[in-house]
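Below is one structure, written out as structure tokens; comments come after it.
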Amino acid sequence: MIICIDVGNTNIKYALFDGDELRLSFRVATEHKKTSDEYGGQIISILKNSGICPQDIGGGIISSVVPPLDYTIERMCRTYLKIKPLMLAPGLKTGLNIKVDNAKEVGADRVVNNVAAVRKYGAPLIVIDFGTATTFNVIDKNGVFIGGVIAPGIKGSLDSLVNGTAKLPRVEIERPSRAIGTNTVTNMQAGIVFGFAGLVEYLVKKIKGEMKCDGVKTIATGGFSEIIAKEISCIDVVDKLLTLEGLKYLYDLNSTED
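Numbers 103 to 360, taken from this note's numbering, label the letters of the sequence shown in order.
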């Protein structure tokens, strides 16, 4: 059994695979001040409550966009799971051809999403991740990552709106019944949900126009992918496990004996 860990700015996502079977997936809040012992105690408790023995985990892989937590999570794996995890970093085989100005600037999460999407859905593709940021990754017809877009994240945008105003409340991110809100809450929900749906629809149209090729599929992943996908027709597939499945593939790719 292997463990895949995706360290994001808002959440840390975990998945355990037994061969190709997903045994368990869960997420916890990303907390920079937590120690490896605190993360270790947390994961051991979750595993035991799910009927999984930590000793059955024989390997792991970590993708991180939070460098201060890299050592913490790696040490947690070594101490509590007794494994030496692979870290997605330069030198790790990905099989992804990246053609941008500076490949080192591309976030680990974007690399993993692109690898998984090409493997599962072919090319050409637009891969949208609704995470702390909303990222659009563009894969050309030859399977090459040629660039994309980084837009604000949905939750971050709402937080900015609430924190920057004196009277606006914190609201649940959910679809209101209509665009014209009749109170503060539905006004805000319409702005967030329908506003981001419009942003996605316009950017996908714009990107497809610049790609100048037929058969481009749009794949969405991340926490708010489903709520936005229901509002627009340009998203073909919602795949919530895309990142974690990509990590599983990269683990297998880099663990194969020569």
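No residue lacks a Cβ here, since even glycine has one placed at the ideal position from N, Cα and C. Note that the structure is predicted; figures quoted are calculated from it, not measured.
Practice problem: Locate the beta strand (DSSP E) running through SER363, then write down its first and last residues. | Solution: Past the edges of the chain, shown from 103 to 360, lies residue 363, and the structure says nothing about it.
Quiz item: Given that a residue counts as buried once 16 or more other Cβ atoms are within 10 Å of its Cβ, and exposed if not, what is PRO170?
Solution: Locating residue 170 in the sequence shown gives position 68, counting from the first residue. When all chains shown are included, PRO170 counts as exposed.
Quiz item: Does ALA210 come within less than 9 angstroms of chain B when only Cβ atoms are used?
Solution: Here chain B cannot be found, since the structure has a single protein chain.
Quiz item: What does a CB cutoff of less than 7 angstroms around ASP360 pick up in its chain, not counting 5 residues either side in sequence?
Solution: Residue 360 sits at position 258 when you count from the first residue of the sequence shown. Any reading at ASP360 needs caution, since the residue's pLDDT is 46, under 50, leaving its predicted position unreliable; the model's value is listed next. Contacts found: none.
Practice problem: Note the first and the last residue of the continuous beta strand (DSSP E) segment covering ASP120. | Solution: Locating residue 120 in the sequence shown gives position 18, counting from the first residue. Note, ASP120: beta strand (DSSP E), 113–120.
Practice problem: Consult DSSP for TYR353 and reduce its assignment to one of helix, strand or coil. | Solution: For this step, residue 353 is matched to residue 251 along the sequence shown. Look at TYR353 here: in three-state DSSP terms it is helix.
Quiz item: Quick one: Cα of GLN291 to Cα of VAL240, how far?
Solution: Here residue 291 is taken as the residue at index 189 of the sequence shown, counted from 1. Here residue 240 is taken as the residue at index 138 of the sequence shown, counted from 1. Cα-Cα distance, rounded: 29 angstroms.
Exercise. Could you tell me which uninterrupted alpha helix (DSSP H) segments, each at least 4 residues in length, are contained entirely in the segment 276–343, listed from first to last along the chain?
Key: 286–313 and 327–331
Quiz prompt | Proximal residues to SER259 (C-beta, below 6 angstroms), its chain only, five neighbours per side dropped | solution = Against the sequence shown, residue 259 aligns to sequence position 157. None.
Quiz item: What number of angstroms, rounded off, separates the C-alpha of SER262 from the C-alpha of ASP158?
Solution: Numbered from 1 along the sequence shown, position 160 holds the residue referred to as residue 262. Numbered from 1 along the sequence shown, position 56 holds the residue referred to as residue 158. If I take the Cα positions, the gap works out to 43 angstroms.
Quiz prompt | Sheet register partners of SER262 (DSSP bridge) | solution = Walking along the sequence shown from the start, residue 262 turns up at place 160. Beta-bridge pairing links SER262 to no other residue.
Quiz item: Within the chosen definition, does the segment 204–222 reach the segment 168–187 through at least 3 CB pairs nearer than 8 angstroms?
Solution: no
Quiz item: By how many angstroms is the C-alpha of THR234 removed from the C-alpha of MET313?
Solution: Locating residue 313 in the sequence shown gives position 211, where the first residue counts as 1. Locating residue 234 in the sequence shown gives position 132, where the first residue counts as 1. Across the structure, MET313 and THR234 are spaced so that their CA atoms are roughly 26 angstroms apart.
Quiz prompt | Among ASN356, ALA299, THR345 and GLY153, the one whose alpha carbon lies nearest that of ILE337 | solution = As a working note, residue 337 is residue 235 in the sequence shown. Looking at the Cα atoms, ALA299 is the closest of the given residues.
Self-check item: Any 3 or more C-beta pairs closer than 8 angstroms across the segment 302–311 and the segment 194–207
Solution: The segment 302–311 vs the segment 194–207: no contact.
Quiz item: Which residues share a DSSP beta bridge with LEU124?
Solution: As a working note, residue 124 is residue 22 in the sequence shown. LEU124 pairs with PHE119.
Quiz prompt | Per-residue burial, PRO278 [other beta carbons within 10 Å of its own, 16 or more giving buried] | solution = Your numbering for residue 278 matches position 176 in the sequence shown. Looking at its Cβ environment, which holds 16 or more other Cβ atoms inside 10 Å, PRO278 is buried.
Practice problem: Reducing DSSP to helix, strand and coil, say where VAL168 ends up. | Solution: Locating residue 168 in the sequence shown gives position 66, counting from the first residue. In this structure, VAL168 counts as coil in the three-state DSSP scheme.
Quiz item: Does DSSP put ASP203 in a helix, in a strand, or in coil?
Solution: Start at 1 with the first residue of the sequence shown, and residue 203 comes out as number 101. Three-state result, ASP203: coil.
Quiz prompt | Whole-angstrom distance between THR237 and ILE252, CA atom to CA atom | solution = The residue labelled residue 252 in the question sits at position 150 within the sequence shown. The residue labelled residue 237 in the question sits at position 135 within the sequence shown. Cα-Cα distance, rounded: 5 angstroms.
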